[in-house]
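Engineer: Quick one: the structure is below, questions incoming.
Structure (structure tokens):
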């Protein structure tokens, strides 16, 4: 059963948005829900973060499903809590901590109790002046980075519950941050047409990459580090292009026009030769190989696809969520599909 937070909900102005057919939806009447998803590394449980709009009032919530196949049925939720505002992003901190980026401008830390039946608030800090768009935990596990629409990036000490450093490295809204899984204190950030590689110990970026150096530049929207190559990362942009960059030789970046609309997320698989799941506002999921060639495509969602996760128990199982309220489980072949356009989807 979902328990309510004692905090009040934040009221925010509502603006119309477009669905995947390009039709505007009336924000004053539409009840919309944006979901983000992530899986604990060991037991395969599923954590959902949701944002619900009713009238002019946004609310957020966190849901834990020990059986991923039961999501998003509320009756099978093993732990849940309501947040004061919409959930823009979330990630695990260790085995039980949950770090949340809030529409209210707050960074929140929650924690599962030992029985995994309650989600308890550890802190809620309002250090940003606008929506926190992205959060990521540094490889040490004790610090995190947040990016916001206030143009700022902040480094957090999670144990002390304080901001260690604050950067205004970008001239626009920060759309995504991604901590390196290979090097402590290193993280990527993106905004306008610029991607930066930074360290919490340096006042200036260590590496910068202009998203339009090889083609007409578009706003970068998503970032992901390669799980095995410490100098390689991928990013997606508002035009639907996915690019792979080697920081040692950025002039040889590889790009592919994967989607017809904005890329909303990029997630590498745990395979020995990782696949890359690419999600989009064109309502599709694409799985790419190391050369950014498509090996799988699903259009099972009926609205924006927002996030995805690979199962730690079955490397062929990929789960996605979207604004259509669906949680869909896809079986991705380990070999390329025999014919373009064919797909295998299990719901």
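In the numbering used here, the protein residues as written are 18 to 364. Even for Gly, the Cβ is constructed at its ideal location relative to N, Cα and C. Remember, it's a predicted structure, so these values are computed and weren't measured experimentally.
1) Which same chain residues end up closer than 7 Å to residue 351 when comparing Cβ atoms and leaving out the 5 residues on each side of it in sequence?
2) What are the boundary residues of the beta strand (DSSP E) that residue 155 is part of?
3) Taking 8 Å as the limit between beta carbons, can you name the residues of its chain near residue 40, skipping five residues before and five after?
4) Could you spell out the range, first to last residue, of the beta strand (DSSP E) harbouring residue 179?
5) Sorted by chain position, which residues of the same chain lie with C-beta nearer than 7 Å to residue 285's C-beta, five sequence neighbours on each side aside?
6) Kindly indicate which residue of 327, 347 and 140 has the alpha-carbon position closest to the one of residue 313.
7) Please state whether DSSP places residue 188 in a helix, a strand or coil.
8) Rounded to whole angstroms, what's the CA-CA distance from residue 252 to residue 70? Just pull it up for me.
9) Mind the definition here: the segment 83–95 touches the segment 106–122 only if three or more C-beta pairs lie below 8 Å; say whether that holds.
10) Leaving out the 5 sequence neighbours to the left and right, which residues in its chain are closer than 7 Å to residue 343 when beta-carbon positions are compared?
11) Could you tell me whether any Cβ in chain B is nearer than 8 Å to the Cβ of residue 264?
12) Could you spell out where the beta strand (DSSP E) holding residue 169 opens and where it closes?
13) Could you check where the beta strand (DSSP E) with residue 148 kicks off and where it finishes?
14) Alpha carbon to alpha carbon, how far is residue 115 from residue 237? Give it in angstroms, no decimals.
15) How many Å lie between residue 196 and residue 107 at the Cα?
16) Taking just the CA atoms, how far does residue 263 sit from residue 273?
17) How is residue 428 classed by DSSP in three states: helix, strand or coil?
18) Do you know whose CA, among 73, 191, 172 and 325, lies nearest residue 147's CA?
19) Go ahead and pull the three-state DSSP assignment for residue 237.
20) With a threshold of 16 other CB atoms inside 10 Å of the CB of residue 250, please say whether the residue is buried or exposed.
21) Just to confirm before moving on: does the CB-CB distance between residue 187 and residue 206 stay below 8 Å?
22) Can you tell me which residues form a DSSP beta bridge with residue 160?
23) Nearest to residue 321 by CA position, among 72, 96, 299 and 214, is which residue?
24) Between 95, 131 and 73, which has its C-alpha nearest residue 79's C-alpha?
25) With DSSP as the reference, identify every bridge partner of residue 272, one or two as the case may be.
26) Does the distance from the C-beta atom of residue 161 to that of residue 181 stay below 8 Å?
27) Less than 8 Å between the C-beta atoms of residue 105 and residue 118, yes or no?
Structural biologist: According to the data block:
1) Residue numbering aside, residue 351 sits at position 334 when the chain shown is read from its first letter. Setting aside the 5 residues that flank it on each side, residue 351 is surrounded in the same chain by 333, each with a C-beta closer than 7 Å to its C-beta; the list follows chain order.
2) In the chain shown, counting from the first residue as 1, residue 155 sits at position 138. Counting along the chain, residue 155 falls outside any beta strand (DSSP E), and DSSP gives it neither H nor E.
3) Numbered from its first residue, the chain shown carries residue 40 at position 23. Residue confidence for residue 40 is low, a pLDDT of 43 falling below 50, so the modelled location carries little weight and cannot support an answer.
4) Position 162 of the chain shown, counted from the first residue, corresponds to residue 179. Segment 179–184, the beta strand (DSSP E) holding residue 179.
5) Against the chain shown, residue 285 aligns to sequence position 268. In the same chain as residue 285, and ignoring 5 residues on each side of it, the C-beta atoms closer than 7 Å to its own belong to 241, 243, 244, 291 and 293, in chain order.
6) Within the chain shown, residue 313 is the residue found at index 296, counting from 1. For residue 313, the nearest C-alpha among the options comes from 347.
7) The sequence position of residue 188 within the chain shown is 171, counting from 1. Note: residue 188 maps to coil in three-state DSSP.
8) Numbered from its first residue, the chain shown carries residue 252 at position 235. Numbered from its first residue, the chain shown carries residue 70 at position 53. Each residue's Cα considered, the two are about 29 Å apart.
9) Judged by Cβ distances under 8 Å, the segment 83–95 makes no contact with the segment 106–122, as fewer than three pairs qualify.
10) Position 326 of the chain shown, counted from the start, is the residue given in the question as residue 343. Excluding its 5 nearest sequence neighbours in each direction, residue 343 has C-beta neighbours in its own chain below 7 Å: 318, listed in chain order.
11) Given the protein chain composition of this structure (a single chain), no chain B is represented.
12) Taking the chain shown and counting its residues from 1, the one referred to as residue 169 is at position 152. That residue, residue 169, is in no beta strand (DSSP E); it is neither H nor E in DSSP.
13) Here the question's residue 148 lines up with position 131 in the chain shown. It is not in any beta strand (DSSP E) - residue 148 carries neither H nor E in the DSSP assignment.
14) Your numbering for residue 237 matches position 220 in the chain shown. Your numbering for residue 115 matches position 98 in the chain shown. Straight across, the Cα-Cα distance linking residue 237 with residue 115 is about 26 Å.
15) For the purposes of this step, residue 196 is identified with residue 179 of the chain shown, where counting begins at 1. For the purposes of this step, residue 107 is identified with residue 90 of the chain shown, where counting begins at 1. If I take the Cα positions, the gap works out to 13 Å.
16) As a position in the chain shown, residue 273 is number 256, starting the count at 1. As a position in the chain shown, residue 263 is number 246, starting the count at 1. So the two alpha carbons sit approximately 15 Å from each other.
17) In the structure as shown, the chain starts at 18 and stops at 364, and residue 428 therefore has no counterpart that could be examined.
18) Here residue 147 is taken as the residue at index 130 of the chain shown, counted from 1. The option with the nearest alpha carbon to residue 147 is 191.
19) The count along the chain shown starts at 1 and reaches residue 237 at position 220. Looking at residue 237 - three-state DSSP - the assignment turns out to be strand.
20) Looking up residue 250 in the chain shown gives position 233. Classified as buried, residue 250 has 16 or more neighbouring CB atoms from the shown chains inside 10 Å of its CB.
21) Walking along the chain shown from the start, residue 187 turns up at place 170. Walking along the chain shown from the start, residue 206 turns up at place 189. Between residue 187 and residue 206, the CB-CB gap stays under 8 Å.
22) Here the question's residue 160 lines up with position 143 in the chain shown. In the DSSP output, where bridge partners are listed per residue, residue 160 has 174.
23) Your numbering for residue 321 matches position 304 in the chain shown. Residue 299 is the option with its Cα nearest to residue 321.
24) Looking up residue 79 in the chain shown gives position 62. Cα-wise, what sits closest to residue 79 is 95.
25) Start at 1 with the first residue of the chain shown, and residue 272 comes out as number 255. 260.
26) Counted from its first residue, the chain shown places residue 161 at position 144. Counted from its first residue, the chain shown places residue 181 at position 164. Cβ distance not < 8 Å, so residue 161 and residue 181 don't count as in contact.
27) Taking the chain shown and counting its residues from 1, the one referred to as residue 105 is at position 88. Taking the chain shown and counting its residues from 1, the one referred to as residue 118 is at position 101. Contact: yes.
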